[in-house]
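Undergrad: Here's a structure for you.
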Amino acid sequence: MRDMPPEARPREKLLARGPQALADAELLALLLRTGLRGQPVLQFAQALLAQHGGLRGLLQATPAQLARTKGLGPAKRAELLAVFELARRALAEGLRQRPVLDSPSAVADVLRLQLADRGHEVFAVLFLDNQHRLIALEELFRGTLDQTSVYPREVALRALHHGAGAVILAHNHPSGAAEPSAADVALTQRLRQALGLLDIRVLDHLVVTQGGCTSMAQRGLV
């Protein structure tokens, strides 16, 4: 980047105009700091984003996936993973400040960041207090591409562990289909009945895809 005019260099541009003025690749280049032989850091950052399908895909990358990327040594991988985890925690922290039901878009953002790009189904639960503020978000079960085995007893135990008064259920559809399946509806009813015996409300069950989140409560399915 030394060959670039000072005002076009990501660091100088950020300091002069703020981080919002930088493209994704420019922000990523600041974290990477160095590129590869024959590939300046900005080009390396652009290639890395392309390889993972954009910023959201990169945020979802596992340590193993990053380790297979040429040019990402242990130090760079650790720094990227730390930044990604901070982003997730910052979003989740915002949900702890006020009732989750007052911020459905924030819930959707957190779940999409957490689940949308997984290649297999993941079932997660948001555990809420009696004021519907977030206590914890946990991934409880993982399945194949099209099914997940979910055990109501395990969900109930985790809810009791957190002292939850309510929960929001969520799982992803790697196929991209946003519509809840008949199996999703049946599972929701099983969990609602099991948790209801413990006076724990199921507020919603969200189906997460790359395109967004579908609320089963809004469909009258909860």
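Going by my numbering, the sequence shown opens with residue 595, and the numbers climb by one from there. For each residue, glycine too, the CB sits at the ideal point set by N, CA and C. Bear in mind that the values here come from a model prediction, so they are computed numbers and not experimental data.
When you compare each of Ala655, Asn766 and Gln614 to Glu715 by their alpha carbons, which one comes out closest?
TA: Counting from 1 along the sequence shown, the entry for residue 715 is found at position 121. That would be Asn766, whose Cα lies nearest to the Cα of Glu715.
Undergrad: Could you spell out the range, first to last residue, of the beta strand (DSSP E) harbouring Glu606?
TA: In the sequence shown, counting from the first residue as 1, residue 606 sits at position 12. Counting along the chain, Glu606 falls outside any beta strand (DSSP E), though it belongs to the alpha helix (DSSP H) covering Pro604 to Arg611.
Undergrad: Give me the DSSP bridge partner(s) of Asp798.
TA: In the sequence shown, the residue the question calls residue 798 occupies position 204. Answer by DSSP bridge pairing, in chain order: Ile762.
Undergrad: Given Leu734, which residues of its chain have a CB within under 7 Å of its CB, disregarding the five upstream and five downstream residues?
TA: Here residue 734 corresponds to residue number 140 of the sequence shown, with the count starting at 1. The residues are Phe717, Ala718, Val719, Glu748, Val749 and Arg752.
Undergrad: Taking the alpha carbon of Leu685 as the point to measure from, which residue in Leu674, Glu673 and Ala702 has its own alpha carbon closest?
TA: Position 91 of the sequence shown, counted from the first residue, corresponds to residue 685. Among Leu674, Glu673 and Ala702, the Cα nearest to that of Leu685 is on Ala702.
Undergrad: According to DSSP, simplified to helix, strand and coil, what is Gly805?
TA: As a first step, residue 805 is located in the sequence shown; it is residue number 211 there, counting from the start. Three-state DSSP puts Gly805 in coil, outside helix and strand.
Undergrad: Confirm, please, whether the CB-CB distance from Leu666 to Leu675 is below 8 Å.
TA: Position 81 of the sequence shown, counting from 1, holds the residue named residue 675. Position 72 of the sequence shown, counting from 1, holds the residue named residue 666. No. Outside cutoff.
Undergrad: Tell me, which residues are paired with Glu732 by DSSP?
TA: As a working note, residue 732 is residue 138 in the sequence shown. In DSSP, Glu732 forms a bridge with Val719.
Undergrad: In angstroms, rounded to a whole number, what distance separates the CA positions of Gly770 and Leu652?
TA: If you number the sequence shown from 1, residue 770 lands on position 176. If you number the sequence shown from 1, residue 652 lands on position 58. Taking the straight line from one Cα to the other gives about 18 Å.
Undergrad: Assuming the contact rule is C-beta atoms closer than 8 Å, Arg786 and Val796 should be a hit. Round their C-beta distance to whole Å, please.
TA: Here residue 786 refers to the residue found at position 192 of the sequence shown. Here residue 796 refers to the residue found at position 202 of the sequence shown. Indeed they touch by this definition, with Cβ atoms about 4 Å apart.
Undergrad: Starting from Asp706, follow the alpha helix (DSSP H) in both directions and report where the run begins and ends.
TA: Indexing the sequence shown from 1 puts residue 706 at position 112. One point to set straight first is that residue 706 is Arg, not Asp, in the sequence displayed. Note, Arg706: alpha helix (DSSP H), Pro698 to Leu709.
Undergrad: Go through its chain and collect everything with a Cβ distance to Gln645's Cβ below 8 Å, but skip five positions before and after it.
TA: The count along the sequence shown starts at 1 and reaches residue 645 at position 51. For Gln645, where only same-chain residues beyond five positions count, the Cβ hits under 8 Å are Thr663.
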